[in-house]
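Student: Okay, handing you the structure first.
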Amino acid sequence: MPPSAQRPRLGRPARWALAALATGACCVQLDAFALNPALPVVRDELHGSAAATPWIVSGYLLAAGSLMPVAGRLGDLHGRRRMLTLGTALFGVAAVLCALAPSLPLLVAARVLQGAGGALLMPAGLALLTHACPPGHGQRATGRALGMAGLATVCGPFLGGVLARSVSWRAVFWLTVPLALAAALCARRAAESRDPAARQRFDIAGAAAATGALICLVRWLEHPAAWGWAMGAAALGALFVRAERRSLAPLVDLALFRNRPYVALTAGGALANSATVALLYVVPWVLQRNQGWSVRDAGVAFLAPAVALAVGGPAAGRVRPAAAVPVMAGCLALAAAALGWAAYGTGASALLMASTGAAGALGVAGGLALTGTQAVVRRERAGEASGVTKAALTATAGIWLAVTGAGAGDVTGTGGGTGGVTGAGTGSGARPALALPATACLAAAAVLVLTLLVSRGCTRLRRRGGRGRGAHRSN
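For the sequence shown, my numbering begins at 72 and goes up steadily by one.
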């Protein structure tokens with residue numbers, strides 16, 4: 072069979088969907104990470120408190136994460152192209168409001184609105200591209216889009232620091248406006264898709280319960296002594312499960328959580344995403360604070376991990392669906408080893424080498440969480456599946472920032488911040504902030520390997536039982 076028959080070229084609608092997702096994902100990732108180096112400047116200019124400043128970043132991430140399951144299902148019901156276009160428009164308008172914000176509370180409110188735009192944008196874009204590609208060929212296209220977004224992820228802190236010093240922190244938001252406009256224009260040229268079997272009704276009770284449960288969970292993790300938030304999260308979680316079981320058109324089909332490859336890839340990707348966020352914030356901070364490097368030098372040096380992380384998306388797109396979970400386990404194990412080296416190694420060279428290895432492994436793991444999950448679920452409900460996966464990935468990043476206070480940290484070395492990254496690294500470099508993600512990745516890899524062994528053992532037993540019953544019937 073000729074190669075052209077094995078890998079058909081993407082049609083024009085698929086190419087526009089790819090361009091829309093790549094550009095929109097660049098917007099989301101750039102805006103999520105570029106602002107952190109400028110937070111001390113924002114706090115000083117807007118006279119904000121140290122307690123409120125982290126919510127400029129974590130409020131955005133948590134709003135996006137809590138709304139993504141809702142957004143994914145809305146795309147299935149009312150059209151993925153429509154939701155993608157609406158999301159990019161909302162994102163761009165919110166970016167303008169952020170750039171013009173006269174006070175910190177208004178900036179946080181605009182960031183929450185921007186998170187809502189990002190929530191509409193990402194699940195709809197992933198599902199739109201999956202449907203625009205021929206069956207079995209959406210993984211590579213999604214991987215290419217994620218690779219482009221990966222560059223924005225790792226270059227965001229460097230760009231944010233440079234813009235905050237040379238122009239203004241408001242320039243970070245103005246930068247995303249033309250990108251959001253370009254994503255909306257590309258989306259308008261893609262072909263519309265939706266779930267043809269979906270009931271045209273929205274599960275309001277399930278949406279409210281799921282969003283409230285996540286908000287309560289995050290508030291509890293911020294204040295572990297406040298058990299009221301924990302009980303609220305448990306109660307709302309139980310209400311969500313009950314609502315989904317009774318609903319004729321559930322927000323999330325609970326059968327999705329019986330899809331073991333999907334659950335494994337989503338959980339592994341969530342941990343990988345948290346470790347990636349830790350790597351992005353900790354390593355530049357250590358280079359600047361402990362090694363005395365400038366923002367520019369640290370940004371240039373971090374280009375090697377940036378490229379490794381960006382390559383992870385296309386690499387993940389080439390992994391066969393059947394091999395996705397074993398590859399995820401291997402990537403998490405490699406990332407754990409590299410993060411451990413970065414945490415306990417000495418010298419800038421060792422830190423950068425370890426960071427590059429960790430970024431490559433985490434890039435593949437994060438890419439598999441999106442490309443792999445889309446390949447193991449029904450195409451008709453791709454928006455729902457991508458919404459749940461993106462919610463898990465985004466919320467874990469937001470939880471990490473909220474719990475550690477990294478959003479308030481001074482990764483640029485000049486703001487005098489005392490957030491989680493700064494506090495964690497004081498006196499001990501990257502050890503506390505990278506040792507925990509390393510341990511989590513190693514534990515996740517072990518759980519995935521054990522799950523694979525148990526699953527294969529059960530499969531062998533079923534086959535042997537089937538052969539035994541067949542032999543008994545033949546006698």
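We put the beta carbon where it would ideally sit given N, CA and C, even for glycine.
Where does Ser365 fall in DSSP's three states?
Tutor: coil
Student: Got a sec? Which residues, its chain only, sit under 8 Å from Trp298 by beta carbon, not counting five neighbours each side?
Tutor: Trp291
Student: I'd like the span of the alpha helix (DSSP H) that includes Asn344, first residue to last.
Tutor: Arg331 to Arg360
Student: Please state the DSSP three-state secondary structure of Ala88.
Tutor: helix
Student: Can you list, in chain order, the stretches of the beta strand (DSSP E) that have 3 or more residues and sit fully within the region 153–228?
Tutor: none
Student: Could you give the DSSP three-state label for Glu451: helix, strand or coil?
Tutor: helix
Student: Looking at Ala414: is its Cβ nearer than 7 Å to the Cβ of Ala506?
Tutor: yes
Student: Should the region 236–248 be called in touch with the region 407–425, which here means at least 3 C-beta pairs below 8 Å?
Tutor: no
Student: Check whether the region 157–168 and the region 178–192 are in contact - that is, three or more C-beta pairs closer than 8 Å.
Tutor: With a cut-off of 8 Å, the region 178–192 and the region 157–168 count as touching, because enough Cβ pairs lie within range.
Student: Please confirm whether any heavy atom of the ligand PLP lies closer than 6 Å to the CB of Arg215.
Tutor: In the structure shown, the ligand PLP is absent, as is every other ligand, since no ligand is present at all.
Student: Would you mind giving the Cβ-Cβ distance between Cys204 and Ala91, rounded to the nearest angstrom? I have them listed as a contact below 8 Å.
Tutor: The Cβ separation is near 13 Å, so there is no contact.
Student: Tell me the residue span of the alpha helix (DSSP H) that contains His294.
Tutor: Element bounds for His294: n/a, residue is neither H nor E.
Student: What are the complete alpha helix (DSSP H) segments, minimum 4 residues, inside the region 394–443?
Tutor: 395–415
Student: Would a C-beta distance cut-off of 7 Å place Gln210 and Thr442 closer than the cut-off?
Tutor: yes
Student: Could you check whether the region 382–390 touches the region 217–224, counting it as contact only if at least three pairs of C-beta atoms, one from each stretch, sit closer than 8 Å?
Tutor: yes
Student: Alpha carbon to alpha carbon, how far is Leu342 from Ser174? Give it in angstroms, no decimals.
Tutor: Those two C-alpha atoms are separated by around 34 Å.
Student: Measuring only the C-alpha atoms, how far is Phe244 from Leu350?
Tutor: 23 Å
Student: Tell me whether Gly82 sits in a helix, a strand or coil according to DSSP, three-state version.
Tutor: Coil at Gly82, not helix or strand.
Student: Is the separation between the beta-carbon of Ser426 and that of Pro355 shorter than 7 Å?
Tutor: no
Student: Report the rounded CA-to-CA distance for Leu171 versus Leu199, giving the unit in angstroms.
Tutor: 32 Å
Student: How would you write the range of the alpha helix (DSSP H) that Gly384 sits in, first residue to last?
Tutor: It spans Leu374 to Gly388 - the alpha helix (DSSP H) in which Gly384 sits, taken as one unbroken run.
Student: Could you tell me the boundaries of the alpha helix (DSSP H) in which Val323 lies?
Tutor: Run containing Val323: none; DSSP gives neither H nor E here.
Student: Between Ala372 and Ala255, is the Cβ-Cβ spacing less than 7 Å?
Tutor: No, they are not a contact pair.
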